[in-house]
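In my numbering, the protein residues as written are 395 to 610. Here a beta-carbon is modelled for each residue, glycine too, at the ideal position from N, C-alpha and C. A short worksheet on the structure shown next.
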């Protein structure tokens, strides 16, 4: 990528961050661009994402993830299920260096990329797991479990509910508000909010779905 192209992407990302009103430093912006550069490099061999155009990657990957970031501000220990190429997990880890971010995926080439990105970007708050989330066991449960276009809400909860700490919540990133999926939630769980998101430069619908255990 030429210096000119890099400068265009950086300006685009900074403008989006400004529109989202996020307090990110120049160093964090550079780290997000370094992550995208790594993603592009690995993508040519491992096919981590269908999006190839760097500008679209900024919009549909980085800014899309950042539009949800404020919802995680109070979290301490987050799990990103079906993390794929690291969205939103890697972006959250860069935006919130004080929050522990774990990512899990069943595809080893994806987790190999995540491990490499963690090392190259110096993200000490990141942990990467390979395998099925329903088989994952941790000593320190998560106060937030998230996913981006991972699976239907009911599967998401059934497969990863054992990893949620008492008082924790699920935050699912979805496109169109998933009314039918919400109706099929497992018993014992309730949607507490559905929040529309605006992604700078993107016209598509985006929503966050917040799910908690139903009070006894």
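If I follow the unbroken beta strand (DSSP E) through residue i, where does it start and stop?
i: residue 527; result: From DSSP, residue 527 is part of no beta strand (DSSP E); its letter is neither H nor E.
i: residue 541; result: 536-542
i: residue 472; result: 471-475
i: residue 593; result: Looking at the DSSP string, residue 593 is not in any beta strand (DSSP E), and its letter there is neither H nor E.
i: residue 563; result: 558-568
Alpha carbon to alpha carbon, what distance is there between residue j and residue i?
i: residue 531; j: residue 587; result: 28 Å
i: residue 524; j: residue 504; result: 9 Å
i: residue 506; j: residue 477; result: 12 Å
i: residue 558; j: residue 537; result: 6 Å
i: residue 411; j: residue 597; result: 17 Å
i: residue 487; j: residue 401; result: 23 Å
i: residue 602; j: residue 591; result: 7 Å
i: residue 550; j: residue 480; result: 17 Å
i: residue 419; j: residue 407; result: 12 Å
i: residue 459; j: residue 443; result: 14 Å
Considering just the uninterrupted stretch of the alpha helix (DSSP H) at residue i, what are its terminal residues?
i: residue 554; result: 547-554
i: residue 422; result: 420-440
i: residue 448; result: 448-451
i: residue 461; result: 458-462
i: residue 489; result: 483-489
i: residue 575; result: 573-577
Is it buried or exposed, residue i, if we count other Cβ atoms within 10 angstroms and call 16 or more buried?
i: residue 455; result: buried
i: residue 582; result: exposed
i: residue 471; result: buried
i: residue 540; result: buried
i: residue 512; result: buried
i: residue 563; result: buried
Can you confirm whether residue i, when its beta carbon is compared against all beta carbons of chain C, has any partner nearer than 8 Å?
i: residue 446; result: The structure shown contains no chain C; it is built from a single protein chain.
On a CA-only basis, which of the options is nearest residue i? Give me that one, please.
i: residue 529; options: 421, 403, 555, 597; result: 555
i: residue 599; options: 466, 492, 585, 572; result: 572
By the three-class DSSP mapping on this structure, what secondary structure does residue i have?
i: residue 501; result: coil
i: residue 401; result: helix
i: residue 606; result: strand
i: residue 600; result: strand
i: residue 496; result: strand
i: residue 587; result: strand
i: residue 443; result: coil
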